[in-house]
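Heads up: the sequence lines are chains E and L, in that order.
Throughout the first sequence, residue numbering follows my numbering, covering 1 to 306 in sequence.
Throughout the second sequence, residue numbering follows my numbering, covering 1 to 306 in sequence.
Notes for the one structure printed next.
2 protein chains.
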Amino acid sequence: MDEFSFIKWIRSNQKKDKNIIIGIGDDCASIRINDDNVFLVTTDMLVEGTHFDLKKSTPGEIGRKSIACSISDIAAMGCSAKYAVISICFPHETKTKFARDLYRGIQKMADAFNIRIIGGDIVSSKKTLVINVTMYGRNEGLKSIPRSGAKVDDVIMITGALGGSILGKHITFKPRLKEGLLLNKKFNINSMIDISDGLAADLGHILEESGVGAVLYEEEVPISADAKRLARKTGLSALHHALHDGEDYELLFTLSDKESKKLSAFRSFPARLSKIGHINKFKGIKMQGADGKLKRIKSIGYTHFK
Amino acid sequence: MDEFSFIKWIRSNQKKDKNIIIGIGDDCASIRINDDNVFLVTTDMLVEGTHFDLKKSTPGEIGRKSIACSISDIAAMGCSAKYAVISICFPHETKTKFARDLYRGIQKMADAFNIRIIGGDIVSSKKTLVINVTMYGRNEGLKSIPRSGAKVDDVIMITGALGGSILGKHITFKPRLKEGLLLNKKFNINSMIDISDGLAADLGHILEESGVGAVLYEEEVPISADAKRLARKTGLSALHHALHDGEDYELLFTLSDKESKKLSAFRSFPARLSKIGHINKFKGIKMQGADGKLKRIKSIGYTHFK
C-alpha cells in the first residue's frame, strides 16, 4: 500500500459538514464551535522501530517527542495548544519505572507549553511500544492557517535550519508554538506547514493543496550543522539532507512580499528566518542555482510503505 | 506494571483547570467551551493480539470495533458523538485491499451514527496492527453523566444481557448511543459507565469514584445465551461470565428509586432493562442470593498486565 494514495482515498469518502472548516489533509482539523471560535485537532502515532529506537533514546525522550510532534502540528496552524489525550501500548513485561519515565517526558513537555492532559488509554501488546497523542488547540480569535492558502508570488519562508535531524534534533526539537502563534497574530500568513516529511515533501503538500508551484533558491536554504556532519558520512550533499530529511519540525510558510518585508523588519522574532523561494503558477518545485539556472527537484521525503 | 495504579499515578500529577469538568478517570473527559456547551473526548487504542485476532475477525470487523468502542464511551456519558480522528499503524507488508476493508468497517460505523472523520495518522511498523480512535461528543445542552455520581439507595440498572462476549458480541456489538442519550434526556441518571472490563469491574469503577458500595441481586443479573454457552465449555458458571467477562458494551447506570420507576414505566425504551441491585454506604460489592444471604464478590475483570 501507499499511505498518500490511501489518505486520498479516505478523503474522497468523506461527507461534507458545515462545521468542518478544515478536514482530513492538513496539519490539524479545524471545527467551528460558534461564530468566533474553532477547535483544532491533530493526532500522531509513534511506533517503536519506526519513530524511535529504544536503544538510542531514553523513555523520557520518547515521551517528550510523542507530544512535541502534535504541538508542532498546532503550531503549523498558528494556533495555541490546550488539551491532550494520550494512548500508550506497553509491551507486557514493561517495568513501572520505564512507564513512569516515559510519562514524565510527556508531562514535562505538556507543562512547558501549558497543555493539560485530560484522558487516555493504557493497553498492552506482546512486543511493540506505541504512543498516540491527540491534541486540541484553540484559535484565540484568529483564523487557522491552512496548507491550501499559498498564492502566486508569495514569498516562501522557513524558521531555523534544516537537515540531519537523525543526529539528534528529531528527538530534542522544541516545537515552534510561540513562533506560529506570533506569525498568525502579527502577520498575514497565507499557508503554513511544519517540516515532518522533509522540506521538499512538505512544500509539495502546500503546493498540491494550493494548486500552485514553487521556485527555491539553492543558496538561501538554511543548512544545519548536522546536515553538513551527516553529509560527510553519507556522501550526499548537505543540501540534499536539508531538502529531503524529515523531522526538523520547523515552520514553512508563505506570505505576500509586503508581509514578508514587514516580518523581516520585525526585530524580536524568536527564531532565525530565511526567505527560501517564491510561489508561481506552474506545477512542482524548481531549484534556482547560483548561476540562475532552474532544475526540477522531486517533492519526495519519508514514506512509511516502500 | 499495573495499569490501574499507573493511571492513578498519572492522575495525581495533573494540574487543575477551571474548564476541565471531568478529567482523567471517566469514560470521557468533559471540557467547558462556554456557559451551555461542553465537548467530550475519549480515546481507545486497539492492538492486534490483545483486542482482536486477525485469524478470527475480518479487517472490516476490526475497523468496526475500533470505532464502536469509542462511541460506547460517549454513550456512557449520555451525550452525542460528532467527530473522530483515527490513527492506524499497519505492518509494512499490508496490502491496499486489507487497509481499505479495515477503513470501510470504520467508515460504515461512523456513517451509521452520523459521525464525521476529520483527521488521522497513517504509520507503519514491522509487525503489529494498531488502531487508535479519538472521538468527540457534544452534550446537546445536557449535563454529561459521570462515574462519580452514584448515591446511597440508588437503583443499579443495566441494558441488555451480559457475558460470553468472546463468542462474538465483543466484535459485533452495537454501541448504546441512542439509549445513553435517551436516558440523559428523559431521566435523572446519577452515574453511568459502559461495560468494557466486565460488570463487577466496571461497577467497581463507579463505586470507587462515587465513594459508595453496592449489593447485586444474583437472580436479576441478565445472563446472555453466550454466557451460558461459554459456561458449558469453561466449567465456570454463566453468572461468573456475566459478572467478569469484558466487552459487553452495555450501559450500567444508577438512579433514584423514583426515577427508576419512571424508567420502568417508559414503554418505548429501545433495549432490555434490568434492575440488578442498589447502592449502599459500605465498601465493595456484595451479592444477594435467592436465599437472601450476602456474599462478597471481587470487582475484578480484564487487566492488561499480569
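Glycine residues also receive a C-beta, built at the ideal position from the N, C-alpha and C atoms.
Nearest-angstrom Cα separation, counted from residue j out to residue i
i                 : j                 : result
Leu182 of chain L : Ile106 of chain L : 24 Å
Leu129 of chain E : Leu162 of chain E : 29 Å
Asp44 of chain E  : Thr43 of chain L  : 13 Å
Asp194 of chain L : Ile156 of chain L : 13 Å
Ile20 of chain L  : Ala225 of chain L : 41 Å
Gly235 of chain L : Arg229 of chain L : 10 Å
Tyr136 of chain L : Asp36 of chain E  : 20 Å
Val38 of chain E  : Ala231 of chain E : 43 Å
Asn139 of chain L : Val85 of chain E  : 19 Å
Glu259 of chain L : Ser210 of chain E : 56 Å
Val123 of chain E : Ile206 of chain E : 36 Å
Ala68 of chain E  : Gln288 of chain L : 52 Å
Lys185 of chain E : Gly141 of chain E : 10 Å
Leu239 of chain L : Tyr103 of chain L : 36 Å
Ile24 of chain E  : Leu263 of chain E : 30 Å
Ile31 of chain L  : Arg267 of chain E : 38 Å
Gly277 of chain E : Trp9 of chain L   : 49 Å
Val41 of chain L  : Lys233 of chain E : 46 Å
Thr96 of chain E  : Thr58 of chain L  : 35 Å
Asp257 of chain L : Phe173 of chain L : 29 Å
Glu208 of chain E : Phe90 of chain L  : 25 Å
Gly168 of chain E : Gln14 of chain L  : 29 Å
Asn280 of chain L : Ser148 of chain L : 14 Å
Gly204 of chain E : Ala150 of chain E : 11 Å
Ile62 of chain E  : Leu273 of chain E : 28 Å
Ala227 of chain L : Ser237 of chain L : 8 Å
Gly284 of chain E : Ala200 of chain E : 10 Å
Residue burial classification, residue i (beta-carbon count within 10 angstroms, cutoff 16)
i                 : result
Pro270 of chain L : exposed
Phe52 of chain L  : buried
Ile300 of chain E : exposed
Phe282 of chain E : exposed
Arg100 of chain L : buried
Leu202 of chain E : It is Asp, not Leu, that sits at residue 202 of chain E in the sequence shown. Buried.
Ala290 of chain E : exposed
Glu93 of chain E  : exposed
Asp111 of chain L : exposed
Val133 of chain E : buried
Asp154 of chain L : buried
Ala81 of chain L  : buried
Per-residue contacts from residue i into chain E (C-beta, under 8 Å)
i                : result
Ala99 of chain L : Met1, Phe6
Val85 of chain L : Ala29, Val41, Thr42, Thr43, Thr134
Neighbourhood of residue i by C-beta, 6 Å cutoff - its chain only, sequence neighbours within 5 removed
i                 : result
Leu146 of chain E : Sequence check: residue 146 of chain E is Pro here, not Leu. Ile22, Asp26.
Arg116 of chain L : Tyr83
Ile131 of chain E : Leu46, Ser66, Ile88
Arg311 of chain E : With chain E covering only 1 through 306, there is no way to say anything about residue 311 of chain E.
Ser165 of chain E : Asp245, Glu247, Asp248
Arg176 of chain L : Ala75, Thr159, Leu251
His170 of chain E : Glu247
Contact set between residue i and chain L, taken where Cβ atoms lie within less than 8 Å
i                 : result
Asp248 of chain E : Simply none; closest approach about 18 Å.
Lys127 of chain E : Lys127, Thr128
Chain L residues whose Cβ lies nearer than 9 Å to that of residue i
i                 : result
Thr96 of chain E  : Met1, Asp2, Ser5, Phe6, Trp9
Gly23 of chain E  : Arg116, Ile117, Ile118, Gly119
Tyr103 of chain E : Phe6, Trp9, Ile10, Asn13
Proximal residues of chain E, C-beta to C-beta of residue i below 7 Å
i                 : result
Lys15 of chain L  : Arg116
Gln107 of chain L : Asn13
Within chain L, the residues that residue i reaches when beta carbons sit closer than 7 Å
i                : result
Cys89 of chain E : Met45, Val47, Val130
Listed by chain order, chain E residues near residue i by CB distance under 9 Å
i                : result
Ile33 of chain L : Ile33, Asn34, Asn37, Phe39
Ile20 of chain L : Tyr83, Arg116, Ile118
Cutoff 7 Å; reference residue i; Cβ partners in own chain excluding five residues on either side
i                 : result
Ile189 of chain L : Gly78, Ile145, Leu183, Phe253, Leu255
Gly119 of chain E : Val85
Cβ shell of residue i (< 8 Å), same chain only, five flanking positions each side left out
i                 : result
Lys286 of chain L : Gly213, Ala214, Val215, Leu216, Leu294, Lys295, Arg296, Ile297
Lys126 of chain L : Pro91, His92
Gly307 of chain E : The question about residue 307 of chain E has no answer here: the residues shown for chain E are numbered 1 through 306.
The stretch 235-244 of chain E contacting the stretch 211-224 of chain E, beta-carbon criterion three pairs below 8 Å: yes
Segment contact flag, the stretch 64-78 of chain E with the stretch 183-202 of chain E, C-beta cutoff 8 Å, min 3 pairs: yes
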